[in-house]
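K.L.:
Those protein sequence lines, which keep their order, are chains S and Z.
Going letter by letter, the first sequence gives residues 493 to 609 in the working numbering.
Going letter by letter, the second sequence gives residues -6 to 108 in the working numbering.
One structure, as structure tokens, below. Some questions next.
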Amino acid sequence: AQSVTQLGSHVSVSEGALVLLRCNYSSSVPPYLFWYVQYPNQGLQLLLKYTSAATLVKGINGFEAEFKKSETSFHLTKPSAHMSDAAEYFCAVSDQGFSGGYNKLIFGAGTRLAVHP
Amino acid sequence: DTAVSQTPKYLVTQMGNDKSIKCEQNLGHDTMYWYKQDSKKFLKIMFSYNNKELIINETVPNRFSPKSPDKAHLNLHINSLELGDSAVYFCASSQGGGFMNTEAFFGQGTRLTVV
């Protein structure tokens, strides 16, 4: 069964500092992986996704993530944090990956990113 | 234009009541979902419909009954509400059941509080 573990429920960085949010996955099939962001009192917005093309995936707002099969990781990074990046970030895996069919997203517990001046 | 819209945004009700949450998407997608986000922000799928047909039904109490009158709408009816039902419920939609060439778009959520 697929699962996602996000290390660190809270991450705090200074404005301008590197953002690193960790995600490890478990999947019995080659996975599709996603990062979503949730701003306060809002729905989830897709940041980026990995679907077997390039292992380094670039998303919106300057975020990127690298798929590392050997480490079963899909960590999210941004070189320089901005105050507007403060939000909840969710890593997710699609339960059937490449095998197709009707999939559901399995989410990690989320990481709250705080950005301070 | 809101792609996935849910109503109401907030819902406060007493235990034992029956309530409904409505969801509509204007993206032309054929697959819709309900997710529940608990107080610890954990998100878990409840149901998924494809072209009005139920395709995913997780272990959810049968007090929860989804209804899809057409592929643009997926409503959630909850009977005999309990305190533990308090959560944020998110509706989402995607084109097709797989995620290779599509993504799931989420609504703003409905914060349900049972008192």
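Glycine included, every Cβ here is placed at the ideal spot set by N, Cα and C.
Alpha carbon to alpha carbon, what distance is there between Val585 of chain S and Ile598 of chain S?
P.N.:
On the first sequence, residue 598 of chain S is found 106 positions in, with the first residue counted as 1. On the first sequence, residue 585 of chain S is found 93 positions in, with the first residue counted as 1. Those two C-alpha atoms are separated by around 5 Å.
K.L.:
Check each residue of the region 24 to 46 of chain Z: if its Cβ is closer than 9 Å to any Cβ of chain S, include it; give the result in chain order.
P.N.:
Thr24, Tyr26, Tyr28, Gln30, Lys33, Lys34, Phe35, Leu36, Lys37, Ile38, Ser41 and Asn43
K.L.:
Over what stretch of residues does the beta strand (DSSP E) that includes Arg514 of chain S continue unbroken?
P.N.:
Indexing the first sequence from 1 puts residue 514 of chain S at position 22. Arg514 of chain S -> beta strand (DSSP E) spans Val511 to Ser518.
K.L.:
Name the residues in the region 537 to 553 of chain S whose C-beta lies less than 9 Å from a C-beta of chain B; which are they?
P.N.:
No chain B appears in the structure shown, which is made up of the protein chains S and Z.
K.L.:
Under the rule that 16 or more other beta-carbon atoms within 10 Å means buried, what is Ser41 of chain Z, buried or exposed?
P.N.:
As a working note, residue 41 of chain Z is residue 48 in the second sequence. Of the residues assessed, Ser41 of chain Z falls on the buried side of the cut-off, its CB having 16 or more other CB atoms within 10 angstroms.
K.L.:
Near Lys596 of chain S, what residues of its chain come up, given a Cβ to Cβ distance below 8 Å and the 5 sequence neighbours on each side ignored?
P.N.:
Residue mapping note: residue 596 of chain S aligns to position 104 of the first sequence, counting from 1. The answer, listed in chain order, is Ser586 and Asp587.
K.L.:
Got a sec: is the Cβ-Cβ distance from Asn516 of chain S to anything in chain Z below 9 Å?
P.N.:
To locate residue 516 of chain S, count along the first sequence from 1; it is residue 24. Chain Z contact via Cβ: absent.
K.L.:
Please identify the residue among Z:Gly9, Z:Arg56, Z:Leu47 and Z:Cys16 whose C-alpha is closest to the C-alpha of Gln101 of chain Z.
P.N.:
The sequence position of residue 101 of chain Z within the second sequence is 108, counting from 1. Out of Z:Gly9, Z:Arg56, Z:Leu47 and Z:Cys16, Z:Cys16 has the C-alpha closest to the C-alpha of Gln101 of chain Z.
K.L.:
What are the residues in the region 559 to 585 of chain S lying within 9 Å of chain Z by C-beta distance?
P.N.:
Glu580, Phe582 and Ala584
K.L.:
Could you work out which residues of chain S lie near Glu17 of chain Z, taking near to mean beta carbons separated by less than 7 Å?
P.N.:
Your numbering for residue 17 of chain Z matches position 24 in the second sequence. For the C-beta of Glu17 of chain Z, not a single chain S residue is nearer than 7 Å; the gap to the nearest is close to 14 Å.
K.L.:
Just checking my contact of Ser495 of chain S with Ser520 of chain S at CB under 8 Å: how many whole Å lie between their CB atoms?
P.N.:
Translated into the one-based positions of the first sequence, residue 495 of chain S becomes position 3. Translated into the one-based positions of the first sequence, residue 520 of chain S becomes position 28. Not a contact, Cβ separation roughly 10 Å.
K.L.:
Cα separation between Asp23 of chain Z and Glu96 of chain Z?
P.N.:
Translated into positions along the second sequence, residue 23 of chain Z becomes position 30. Translated into positions along the second sequence, residue 96 of chain Z becomes position 103. Taken atom to atom, the span from the alpha-carbon of Asp23 of chain Z to that of Glu96 of chain Z is near 12 Å.
K.L.:
Does any CB atom of chain Z fall closer than 9 Å to the CB of Leu597 of chain S?
P.N.:
Here the question's residue 597 of chain S lines up with position 105 in the first sequence. Yes, Leu597 of chain S counts as interfacial toward chain Z.
K.L.:
Determine, using beta carbons only, whether Phe83 of chain Z comes closer than 9 Å to chain S.
P.N.:
Mapped onto the second sequence, residue 83 of chain Z falls at position 90. Yes - at least one Cβ of chain S is within 9 Å of the one on Phe83 of chain Z.
K.L.:
When DSSP labels each residue in this structure, what does Ser576 of chain S get in the three-state scheme?
P.N.:
Here residue 576 of chain S refers to the residue found at position 84 when the first sequence is read from its first residue. Helix.
K.L.:
Just mark Met25 of chain Z as buried or exposed, buried being the case when its beta carbon has 16 or more other beta carbons within 10 Å.
P.N.:
As a position in the second sequence, residue 25 of chain Z is number 32, starting the count at 1. Label assigned to Met25 of chain Z: buried.
K.L.:
According to the neighbour-count rule (16 or more other Cβ atoms, all chains shown, within 10 Å of its Cβ), is Asn68 of chain Z buried or exposed?
P.N.:
Against the second sequence, residue 68 of chain Z aligns to sequence position 75. That one is buried.
K.L.:
Which residues does DSSP pair with Cys504 of chain S in a beta bridge?
P.N.:
Locating residue 504 of chain S in the first sequence gives position 12, counting from the first residue. What sits at residue 504 of chain S in the sequence shown is Ser, not Cys. Answer by DSSP bridge pairing, in chain order: S:Ala606.
K.L.:
According to DSSP, simplified to helix, strand and coil, what is Asn50 of chain Z?
P.N.:
Working through the second sequence from its first residue, we reach residue 50 of chain Z at position 57. Asn50 of chain Z: strand per DSSP, three-state reduction.
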